[in-house]
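Numbering (my numbering), first residue to last: 61 to 550.
Following: one structure in structure tokens, then a few remarks.
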């Protein structure tokens, strides 16, 4: 029998049992429960939308809350949501963040790990092929009478475990869900970094506005001090007025200096977010402060498709469900098919010849009869893991709904605050004008002017802080709504 004939025989011999195993595999079932997404009551609409509409109907002077009910054609939150703010610098920073943020890079690497795990799980569907070669020389003691002998072996082997009970299928199902959860994790990390960058950016821009305000105030106080000194030298003002004016000026300079390190820290935070060392990053002060955009708000049911963290929690629930099937499959016998063929000879010249050939083929059926409760423990662990993940999913949904409600009411109330703060600012400016006229006319002392100026400055800064709060809250609402991410994009 020559080598070619041997290989043909091995091919026929191997094919028949593999074909039988394939038929068994096609008729096999996957043990364990099939996945269904857990139910969760989410409500028909957001509570704070209705509250804001009622408030607006009862008060004609109420401001726009910073959001509107989304229409079917709205697409403002798809893609680059930060474009709503029409800020070219912010858009440039976002582009850099997309490519250089290290937290996003870390999440993407973890996603690639999940891809590898899925590929590893799928390998269970296929047979394992191997080969080996050896050369040995053996002998007995000097009194044995036998001379040393040689043995040369070259063999190939194949083994395969048909997935009769669906263990491999459930493992692949679990890994696939884990991969999809990892993809949602990448989107969650990206949205979180984008939100953090936008919030930090707007706080820095409001600080720029505060610095401009304080610098203008310092300039005004310097002129006021010079005029007070002139009035004192002319005998019109008291020396105490000069001291009070100087105190006011230096206090304001101190406040201005405090903003320098606060702004520097925000700038450093932005540098890290865009993957740059703080020493190599700087931002020029902006002359114009951004405005709060109108954000389209959909229905609670849409939140399940728009929040990547909700999608990740749901996919991990599916992953845990598949693990129950993996644990249940351990109760059933394992069937493995193996075959080996090759050449074995004691003489090198006859090694690769038909007389030196050998082969073996056979199935192995293995069943664990007693394991001290290990399989039952694994099954109970898998079921408990699924229950825990269901609770996590439902909590994630409720937390997402709460965040949206929180930022809806926050934006609405901040809008109302900004209206009243605007009235307070107008009143403070008018009060300062009248007080200054009274002082120039000699009707009041300089201390009264100082008190009114301090109140006006505090009111100006409070108005800027409200603008910052509204900008930040609008970013938080966008993030709570899922940003521009959708399940279909993954």
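Ideal Cβ positions, reconstructed from N, Cα and C, are used throughout, including at glycine.
From a predicted model like this one, the values you see are computed outputs, not experimental measurements.
Check, Outcome
"Residue interval of the beta strand (DSSP E) (run including residue 398)", "394-405"
"Selection from 472, 514 and 463 that minimises the alpha carbon distance to residue 492", "514"
"Closest by C-alpha distance to residue 397, when choosing among 141, 238, 421 and 386", "421"
"Classification of residue 520 by the beta-carbon crowding that lies within 10 angstroms, buried from 16 upward", "buried"
"Segment limits, alpha helix (DSSP H) that includes residue 351", "Looking at the DSSP string, residue 351 is not in any alpha helix (DSSP H), and its letter there is neither H nor E."
"Selected residue, minimal CA-CA separation from residue 100, among 226, 360 and 280", "360"
"Rounded separation between residue 286 and residue 461 - CA only", "58 angstroms"
"Spatially closest choice to residue 235 from 395, 376 and 102, by CA coordinates", "376"
"Selected residue, minimal CA-CA separation from residue 154, among 190, 233, 487 and 252", "252"
"Same chain, Cβ closer than 6 angstroms to residue 220, neighbours up to 5 away in sequence not counted", "187 and 397"
"Within the stretch 168-243, ranges of the beta strand (DSSP E) (whole runs, at least 3 residues)", "188-198 and 209-220"
"Residue from 384, 299, 379 and 262 with nearest C-alpha to residue 327", "262"
"Nearest residue (CA-CA) to residue 197, options 407, 189 and 392", "407"
"Coil, strand or helix - residue 93 by DSSP", "coil"
"Neighbourhood of residue 174 by C-beta distance below 6 angstroms, restricted to the same chain and skipping five residues each side", "238, 239 and 242"
"Cα-Cα separation, residue 443 to residue 378", "12 angstroms"
"Assigned secondary structure, residue 504 (DSSP; H/G/I helix, E/B strand, else coil)", "coil"
"Cβ neighbours of residue 353 in the same chain (closer than 7 angstroms, five flanking residues each side left out)", "144, 145 and 534"
"Residue 530 and residue 478 closer than 8 angstroms at C-beta", "yes"
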